[in-house]
Amino acid sequence: MIIEARKISRSYGRTPALRDASLSVTAGEILAVMGPSGSGKSTLLHCLAGIFTPDSGEVWFDGRRLDTMGDDPRTRLRRTAFGFVFQFGQLVPELTVTDNVALPLLLGRTKRKDAYKQAAGWLERLGLAEVGGRRTGELSGGQAQRVAIARALVTGPRVLFADEPTGSLDSLTGEQVMELLVGLAREEGTTVIVVTHDARVAACADREVMVCDGRLTDPYGVPDSHVTY
Ligand code: ADP
Ligand code: ADP
């Protein structure tokens, strides 16, 4: 098990967003988290990624408890072991494609030359070599999401968290971006947890779980807080 949530709950003020959610994700698995808007998908993802701390319950990553970890080790772990792709807004529009992809390595301790070499390798792999010098603000939606994927994978994360990665794209481009993400993740052995409300995107995953009103359910079953999905 690489990621595990044990009966986690989280509220915003009086609004419960997540209730007793239990989930186990095996290494290399590609998991889709589905459910209606406002059901708690993002909150679950943020808790699993150590961005939010749940109010109760436990979150484990690779045998280490994440929710009680101090801020510094948790931030370091997020930078080294996790990658993130969001719907939009995660690229720096004033920087070039290459700079954006090299950025996570430069923020770590990778030497400049190595960072740019690795960034170039990923751009090549994603068919983006020819746009490396462009500013990301000038790219199409599909291109921008491919750059975001390259940037999320450049550090070699164990787990990639994606929140509606195809949400701003038309359905054809969305499917292509998702297929690309899944293909790369499989090649790298990366675990992927993807939040989506698009059934076609979810169909690329190994497994689907559903969040309804803050509870995890089987996509075809009923909510049960005693079950670990
Ligand atoms: P989803 O990702 O499924 O759309 P969210 O996890 O974003 O769901 O939200 C779950 C619930 O928590 C919703 O009722 C939402 O309005 C509420 N919520 C989410 N973020 C906040 C916040 N920062 N402040 C207050 N309520 C929030
Ligand atoms: P999603 O695409 O995941 O459904 P939302 O539009 O629900 O995203 O939320 C976008 C951001 O706004 C998130 O960071 C979330 O925490 C925050 N948010 C969502 N609902 C509320 C709310 N009721 N009050 C304050 N912030 C919210």
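Take the sequence shown: its letter number 146 is residue 213 in this note's numbering, and every next letter is one higher. Idealized CB from N, CA, C, for every residue including glycine.
Per the DSSP secondary-structure output, PRO232 pairs with nothing in a beta bridge. Going by DSSP, VAL259 is part of no alpha helix (DSSP H) but of the beta strand (DSSP E) stretching over 258 to 262. In this structure, LEU206 lies near VAL214, with their beta-carbon atoms less than 8 Å apart. Rounded to the nearest whole angstrom, the CA to CA distance from ASP138 to GLY194 is 37 Å. The straight-line gap separating the alpha-carbon atoms of VAL159 and PHE149 is approximately 19 Å. By the neighbour-count criterion, in which 16 or more other beta carbons inside 10 Å mark a residue as buried, LEU190 falls on the buried side. Relative to ligand 1, the beta carbon of THR82 is positioned inside 7 Å of a heavy atom.
The way I'd put it, the stretch 105 to 115 does touch the stretch 273 to 286; three or more beta-carbon pairs between them come closer than 8 Å. The C-beta separation of THR257 from PRO224 comes to about 6 Å, placing the pair in contact by the 8 Å criterion.
The distance from the Cβ of LYS74 to that of SER91 is about 12 Å, inconsistent with a contact at the 8 Å cut-off. Residue burial is scored here from C-beta neighbours: ASP230 has at least 16 other C-beta atoms within 10 angstroms and is therefore classed as buried. Residue state for LEU193 is assigned as coil, using DSSP reduced to three classes. The DSSP assignment places 108 to 115, 138 to 148 and 164 to 174 as complete runs of the alpha helix (DSSP H) inside the stretch 101 to 182, in order along the chain (cut-off: 4 residues). In this structure, GLY188 has its beta carbon at no less than 7 Å from each heavy atom of ligand 1. DSSP links VAL226 through a beta bridge to PHE149 and THR258. Put simply, the backbone Cα of PHE155 is about 30 Å away from that of ARG132. From the listed residues SER123, GLY95, ILE69 and LEU98, the smallest Cα separation to ALA84 is found for SER123. ILE69 sits in coil when the DSSP states are folded into three classes, being neither helix nor strand.
A residue is called buried when at least 16 other Cβ atoms come within 10 angstroms of its Cβ; VAL294 does not meet this threshold and is exposed.
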